[in-house]
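Protein chains: 2
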Amino acid sequence: MNLLIIGSVAFDSIKTPFESVEGTLGGSATFCSLAASFFTQPGIVAVVGEDFTSGHKKVLTNKNIDLEGLEQAPGKSFAWGGEYSFDLNSRTTLFTNLNVFENFQPKVPENYKKSEYVFLGNIHPLLQKDVLSQTTHTKFVGLDTMNYWIEKALPELKEVLRFVNILIINDSEAREFTHEHNLLKASKKILGIMDLMRQPILIIKRGENGLSMFQGSHIFSLPAYPLEDVADPTGAGDSFAGGFMGYITQTENTNWENLKLACVYGSIMASFSVEKLGTERLQEITQDEITRRFQDFKNLTHFEMNHPAAELLGINCN
Amino acid sequence: MNLLIIGSVAFDSIKTPFESVEGTLGGSATFCSLAASFFTQPGIVAVVGEDFTSGHKKVLTNKNIDLEGLEQAPGKSFAWGGEYSFDLNSRTTLFTNLNVFENFQPKVPENYKKSEYVFLGNIHPLLQKDVLSQTTHTKFVGLDTMNYWIEKALPELKEVLRFVNILIINDSEAREFTHEHNLLKASKKILGIMDLMRQPILIIKRGENGLSMFQGSHIFSLPAYPLEDVADPTGAGDSFAGGFMGYITQTENTNWENLKLACVYGSIMASFSVEKLGTERLQEITQDEITRRFQDFKNLTHFEMNHPAAELLGINCN
Chain E
1 MNLLIIGSVA FDSIKTPFES VEGTLGGSAT FCSLAASFFT QPGIVAVVGE
51 DFTSGHKKVL TNKNIDLEGL EQAPGKSFAW GGEYSFDLNS RTTLFTNLNV
101 FENFQPKVPE NYKKSEYVFL GNIHPLLQKD VLSQTTHTKF VGLDTMNYWI
151 EKALPELKEV LRFVNILIIN DSEAREFTHE HNLLKASKKI LGIMDLMRQP
201 ILIIKRGENG LSMFQGSHIF SLPAYPLEDV ADPTGAGDSF AGGFMGYITQ
251 TENTNWENLK LACVYGSIMA SFSVEKLGTE RLQEITQDEI TRRFQDFKNL
301 THFEMNHPAA ELLGINCN
Chain X
1001 MNLLIIGSVA FDSIKTPFES VEGTLGGSAT FCSLAASFFT QPGIVAVVGE
1051 DFTSGHKKVL TNKNIDLEGL EQAPGKSFAW GGEYSFDLNS RTTLFTNLNV
1101 FENFQPKVPE NYKKSEYVFL GNIHPLLQKD VLSQTTHTKF VGLDTMNYWI
1151 EKALPELKEV LRFVNILIIN DSEAREFTHE HNLLKASKKI LGIMDLMRQP
1201 ILIIKRGENG LSMFQGSHIF SLPAYPLEDV ADPTGAGDSF AGGFMGYITQ
1251 TENTNWENLK LACVYGSIMA SFSVEKLGTE RLQEITQDEI TRRFQDFKNL
1301 THFEMNHPAA ELLGINCN
């Protein structure tokens, strides 16, 4: 197990304008670990209820995801229901039943404690800090959060951010966090809260408009993968985080150039994730598909002045 | 004169949350030709009133813009007033006084009729077609339009689009045009209206989220240049079009790779344009600043796997 992921394993009920599904396997840790599994072996710290069957377990173990940290507790699993607008750009939460998640006290298994790469999915900042305090050898820690914690637990969020290398949030969260509309200004404020000694990184996800990554004076922007038909945006952000952290864990390299590549792999996983309902598409991706989509991203974003010398020597700079 | 630009030369009164100005030189042909002047010699076909002074003229002739097609008519110049929201992302038109523009019948001077590169700024599609019919040697024609014409003159717009190589519009216009929220679907519908024999191109501008360009199965996406302080978004789209068309005119090359570079130069000119009120910033840009911003765009968007062979040979693929 190389990448420790904390988050939710849940049953999602999803309505889109085209399809709907009830009680399908979801949750931040599920999407994140499935996406990361293409790059490294993730291990999950989460809790499920008695309704989590061997069939559900198999979805994760099929991808070699370590489940030693997946606690099974009496009662029902966390369940979430949401309905998307006609253009899939906004959604309404229909219900949130925390169930076994309500009293979840994350326990990091002995084997996980030396994890160098850790992703703290979107839960209460105090729980995120609690998990982090159980680890002893972290090299690179990522964190996701949401408007709810920015509104309800801002001091705790700011506290845990001091121990984090990379924060991954969306544009509306960044604006709410900083009261700045301009994302460049917002990024500076957020990075200012983090620990400068860690050379902190911020990724702002912009939905169909891609993402921007900030570190010091560096900025990288990547468009979203153009998709004509999005089936279900649920889990896109978690899939991005999984691809990003998975690639960083695989390559053990956090320099700026490699962080950019991690953004690309994260975006690739997010683009697959939304193509089918729930985790369906993440379960069936092939390595070839990932490689092709990497090339698609290059074609989508790169421009070159002529390189006659490179062409002459038959070196493909693209 | 190498690039024929038709559009408005106007006096703008602009209110932003920070500054305001009354009756400053503006209009689509003004911004477009100033931006294009860094790459080629543009010539304007437009009309001004008696309030257009030699001082205003000098702003354009200083940049070697050909004014043979700029008619001076009795009365006042076109005047526009607008006020921006606090985040500069939306604006309200305060007044539109067409004045001399009301009865404008564009006359293309003899010297302009053989223009190979033509940009039809945002006016009535019938006038755009009229201008085009006065030219005899066009190789590459660009067109801008707006919601107003999509709503009021759709058949005429569709008609003129058949004679155009590239349409440059914004995302809300593309959605209104096609009744498609998904921009990939919208792009296919719009390209389907244009003349397939011309291998038509569509650029959808997405404001602070950059742009996407479509041609056949090709897609290119470019983020906006990150700016912490935007002074005045007026003319950003026209400056983009000017930089884009200017670069294409200069290089006389419309292959896909060169179209991408034109997008970058267009975005560079737009990013300068918004840094000061009106055309102020466009009047003072240096070639060095353009070159630096080109490199900034590369750093902002490019990612590379290691190229050991290229590195060994000392070839910089970036």
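Chains as they are written, first to last, in our numbering: chain E, 1 to 318; chain X, 1001 to 1318.
Glycine included, every Cβ here is placed at the ideal spot set by N, Cα and C.
Give a yes or no on whether the minimum CB-CB distance between residue i and chain E is below 8 Å.
i: X:N1255; result: no
i: X:H1302; result: yes
i: X:D1232; result: no
i: X:E1311; result: Only weak support is given to the placement of X:E1311: the predicted model assigns it a pLDDT of 49, under 50, and the question is left unresolved by the model.
Taking 7 Å as the limit between beta carbons, can you name the residues of its chain near residue i, skipping five residues before and five after?
i: X:I1290; result: F1038, I1268
i: X:K1250; result: Here residue 1250 of chain X is Gln; the residue named in the question, Lys, does not match the sequence. Only F1039, T1040 meet the Cβ criterion.
i: X:E1176; result: N1147, I1150
i: X:K1063; result: L1034, S1037
Do we get a CB-CB distance below 8 Å when we pair residue i with the residues of chain X?
i: E:E228; result: yes
i: E:F220; result: yes
i: E:N182; result: yes
i: E:L261; result: yes
i: E:P308; result: Unreliable positioning characterises E:P308 in this predicted model, as indicated by a pLDDT of 49, which lies under 50. A coordinate reading is not provided.
i: E:V264; result: yes
i: E:D87; result: yes
i: E:P223; result: yes
i: E:K15; result: no
Cβ closer than 7 Å: which chain X residues qualify as neighbours of residue i?
i: E:K185; result: E1228
Along chain X, which residues have their Cβ under 8 Å away from the Cβ of residue i?
i: E:G216; result: Residues of chain X passing the Cβ test: none, with the nearest at roughly 13 Å.
Could you tell me which of the options sits nearest to residue i, measuring between CA atoms?
i: X:R1198; options: X:R1162, X:Q1105, X:L1126, X:I1169; result: X:R1162
i: E:T92; options: E:P42, E:I14, E:K113; result: E:I14
i: E:T178; options: E:L196, E:I204, E:V164; result: E:I204
i: X:G1242; options: X:L1196, X:L1143, X:H1218, X:S1133; result: X:L1143
i: E:Q215; options: E:S90, E:L94, E:K260, E:L25; result: E:K260
i: X:T1136; options: X:F1119, X:L1127, X:S1115, X:G1121; result: X:S1115
i: E:G319; options: E:Y112, E:Y265, E:G278; result: Within the shown structure, residues of chain E are numbered from 1 to 318, placing residue 319 of chain E beyond reach of any answer.
i: X:E1071; options: X:D1130, X:F1031, X:I1006; result: X:I1006
i: E:L127; options: E:L94, E:F140, E:L157, E:D66; result: E:L157
i: X:G1023; options: X:L1060, X:N1097, X:S1090, X:E1275; result: X:N1097
i: E:A174; options: E:V141, E:S212, E:P125, E:R293; result: E:S212
i: E:Q283; options: E:L4, E:S8, E:K113, E:K58; result: E:K58
i: X:T1053; options: X:F1011, X:P1042, X:S1028; result: X:F1011
i: X:I1044; options: X:F1119, X:S1090, X:H1056, X:K1185; result: X:F1119
i: X:N1002; options: X:A1046, X:I1065, X:S1008; result: X:I1065
i: X:Y1117; options: X:K1185, X:D1288, X:I1166, X:G1266; result: X:I1166
i: X:I1168; options: X:P1233, X:L1202, X:G1026; result: X:L1202
i: X:N1111; options: X:G1082, X:P1042, X:F1294; result: X:P1042
i: X:Q1237; options: X:S1273, X:P1223, X:S1221; result: Sequence check: residue 1237 of chain X is Gly here, not Gln. Considering only alpha carbons, the answer is X:S1273.
In chain X, which residues lie less than 9 Å from residue i when you measure between Cβ atoms?
i: E:R206; result: N1209
Considering only residues of the same chain and omitting the five flanking positions on each side of residue i, which have a CB-CB separation below 8 Å?
i: E:N99; result: G49, G75, K76, S77, F78, A79
i: X:D1296; result: Y1225
i: X:E1257; result: none
i: X:E997; result: In the structure as shown, chain X begins at 1001 and stops at 1318. Residue 997 of chain X is therefore absent and cannot be evaluated.
Leaving out five residues on either side along the sequence, give the residues of the same chain with a beta carbon under 6 Å from the beta carbon of residue i.
i: E:P109; result: E68, G69
i: E:A86; result: According to the sequence as given, residue 86 of chain E is Phe; it is not Ala. Result list for E:F86: P17, in chain order.
i: E:A262; result: F244, Y247, I248
i: E:S271; result: Y225
i: E:R206; result: D171
i: E:D195; result: R162
request  = At 3 residues or longer, and completely inside the stretch 57-125 of chain E: list those beta strand (DSSP E) runs for me, N to C.
outcome  = 70-72, 78-84, 91-97, 117-120
request  = Quick one: which unbroken beta strand (DSSP E) runs of 3-plus residues sit fully inside the stretch 151-180 of chain E? Chain order, please.
outcome  = 166-170
Secondary structure, beta strand (DSSP E): runs of 3+ residues fully inside the stretch 173-258 of chain E = 201-205, 211-215, 218-222
message = As an exercise, report each continuous beta strand (DSSP E) stretch of at least 3 residues that is fully enclosed by the stretch 1001-1064 of chain X, in chain order.
response = 1003-1006, 1010-1015, 1020-1026, 1042-1048
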